[in-house]
Amino acid sequence: MVNRTGDPHEPAVWLADGTGNFLGSGFYLGPDVVVTCAHVVHGRWPVTVHGALGAEQARSVELWPADRSPDAAYYPAPDLAVLRTAGRADRPVAVLGAAEAPAGTQLSAHGFTTVTATDGVQPDSARLTVVGPSGEFVRLASGWIRKGLSGSMLLDPGSGRVVGVVKGTEDDGDPVGGWMTPLGPLRQVLGLPAEPSAPAGPPVAPPRPPAGRQEWADLLERIPVLDDERVRHDLVRRINEALPPDGGIRPRADSIALLHLEQIAGACLDNRDPGKALGALVAAVRRLAGGHQAVRELTVLLDASSGGGCDDAA
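Oh and the sequence shown: position 13 is 13 in the working numbering, straight run, nothing missing.
In structure tokens form, the structure reads like this:
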């Protein structure tokens, strides 16, 4: 699986209905996971996904919410859909960000439209600025949201990670600005906990809280070998070999690396002996990844979290 490439547009896709009509944009967030807006695909099944590796029919679709009121002006929040396709290990996929984009952040949208200077459905993009909350969505300004960009990924140019999904333009006749679904609802739809809000005002330097599953997963995700789902299953096996027979971990598997790693980290943190489970995790990663910088940072995190060392039996 390719987490990031030199071209930020590669994970983007466009969607068509059963007769080939262009519906809107989306993006791969895993080898078999496409994210778009619910209003883009609502009532339009079957859906074909056109991406960097060609076209394929989606196998399933889930909508949040599942339906809309007939008299609603807009599809309700979070207006998200997750489509499943056949998985491919060489799929270019986008990577989720770790925090919401604050007001004033310039984001880049990457999707498809039919209104470029080239005929047909073509890659298109937009530069948009985060304004702030707007109902249950976030308002965007200072850029053009062309028809077809609904469902596009919004990237933070600094990190290249997804921090939102384009909902649509405020006015089809004057497509300047509009709305996005922010990161929190997207993470919830994917089964991930929403990020906590940043504290208001200057920090007062409280004691460092124990690291949570997200912090552990973010470090684990930096290790290339853990991109392979088979290696992650081997990681779980090695951890359990270092734990008592009745004290192992049983994380839920996921084809998306970050989600799977969060499940593994969370299972260790929730173990009846988290210090030993985390030590086994770090020792197993050291065996698999050697001297990678992230392994050294995991060791530091372990010491800060539990004051313990690694169990070399992993």
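Beta carbons are placed, not taken as given, at the ideal position from N, Cα and C, and that holds for glycine.
**OP:** Name, in chain order, the residues that DSSP records as bridge partners for serine 60.
**Re:** Arg84
Original post:
Quick one: Cα of serine 323 to Cα of glycine 275, how far?
Top reply: It is not possible to answer for residue 323, since the shown part of the chain is limited to 1 through 314.
**OP:** Consult DSSP for lysine 276 and reduce its assignment to one of helix, strand or coil.
**Re:** helix
**OP:** Please state if the CB of threonine 48 and the CB of alanine 16 are separated by a distance shorter than 8 angstroms.
**Re:** yes
Subject >> Cβ distance (whole Å) where tyrosine 320 is taken to contact glycine 51 below 8 angstroms >> reply: Nothing can be reported for residue 320, as the shown portion of the chain is limited to 1 through 314.
Original post:
In angstroms, rounded to a whole number, what distance separates the CA positions of arginine 68 and valine 300?
Top reply: 49 angstroms
Subject >> Length at least 4, wholly inside the stretch 9–78: the alpha helix (DSSP H) runs in chain order >> reply: 38–41
**OP:** Could you check the C-alpha separation between glutamine 293 and cysteine 268 for me, to the nearest Å?
**Re:** 21 angstroms
Original post:
Which ranges does the alpha helix (DSSP H) cover as unbroken runs of at least 4 residues, wholly within the stretch 211–269, from first to last along the chain?
Top reply: 213–221, 229–241, 257–269
**OP:** State the DSSP-derived secondary structure class of threonine 105, mapped to helix, strand or coil.
**Re:** coil
Original post:
Which of helix, strand or coil does DSSP assign to alanine 155?
Top reply: Note that residue 155 is leucine in the sequence shown, not alanine. Note: leucine 155 maps to strand in three-state DSSP.
Original post:
Would a C-beta distance cut-off of 8 angstroms place histidine 39 and aspartate 79 closer than the cut-off?
Top reply: yes
Subject >> Beta-carbon proximity of valine 130 to threonine 113, cut-off 8 angstroms >> reply: no
**OP:** Would you tell me roughly how many angstroms separate the C-alpha atoms of alanine 304 and isoleucine 264, rounded to the nearest one?
**Re:** 19 angstroms
Subject >> Residue from Asp119, Ile223, Asp246, Gly143 with nearest C-alpha to glycine 291 >> reply: Ile223
**OP:** Please report how far the alpha carbon of valine 41 lies from the alpha carbon of glycine 148, in whole angstroms.
**Re:** 12 angstroms
Original post:
Which stretch, first to last residue, makes up the beta strand (DSSP E) that contains arginine 139?
Top reply: 137–144
Original post:
Name the DSSP bridge partner or partners of alanine 304?
Top reply: None, per the DSSP bridge assignment.
**OP:** Measure the beta-carbon distance from glutamate 215 to proline 92 and round it to whole angstroms, keeping in mind my assumption that it falls under 8 angstroms.
**Re:** Not really, about 26 angstroms apart at Cβ, beyond 8 angstroms.
Subject >> Proximity below 8 angstroms, CB of glycine 168 to CB of alanine 101 >> reply: no
Original post:
Under 8 angstroms, do leucine 190 and leucine 261 count as touching if we go by C-beta distance?
Top reply: no
Subject >> Within 8 angstroms, strictly: CB atoms of proline 31 and glycine 87 >> reply: yes
**OP:** Within its chain, find whatever has a CB closer than 6 angstroms to the CB of alanine 12; leave out the 5 residues flanking it on each side and keep chain order.
**Re:** Phe27, His110, Gly111
**OP:** Could you check if tryptophan 45 is buried or exposed, using at least 16 other CB atoms within 10 Å of its CB as the buried criterion?
**Re:** exposed
Original post:
Would you say glycine 151 and glycine 177 are within 8 angstroms of each other, going by their C-beta atoms?
Top reply: no
Original post:
Which of helix, strand or coil does DSSP assign to threonine 181?
Top reply: strand
Original post:
So who's on the other strand from alanine 126, going by DSSP bridges?
Top reply: Ala109
Subject >> Same chain, Cβ closer than 8 angstroms to histidine 233, five either side skipped, listed in chain order >> reply: Ala253
Original post:
If you drop the 5 nearest sequence neighbours on each side, which residues of the same chain put their C-beta closer than 8 angstroms to that of glycine 132?
Top reply: Ala103, Val138, Arg139
Original post:
In this structure, what does DSSP give as the bridge partners for serine 150?
Top reply: In DSSP, serine 150 forms no bridge with anything.
**OP:** Report, in whole angstroms, the separation of the C-beta atoms of valine 162 and leucine 219, which I expect to be a contact under 8 angstroms.
**Re:** Incorrect: roughly 19 angstroms between the Cβ atoms, too far for contact.
**OP:** Could you round the C-beta distance between glycine 248 and aspartate 273 to whole angstroms and report it? I think they count as a contact, below 8 angstroms.
**Re:** No, glycine 248 and aspartate 273 are not in contact; Cβ-Cβ is about 11 angstroms, not under 8 angstroms.
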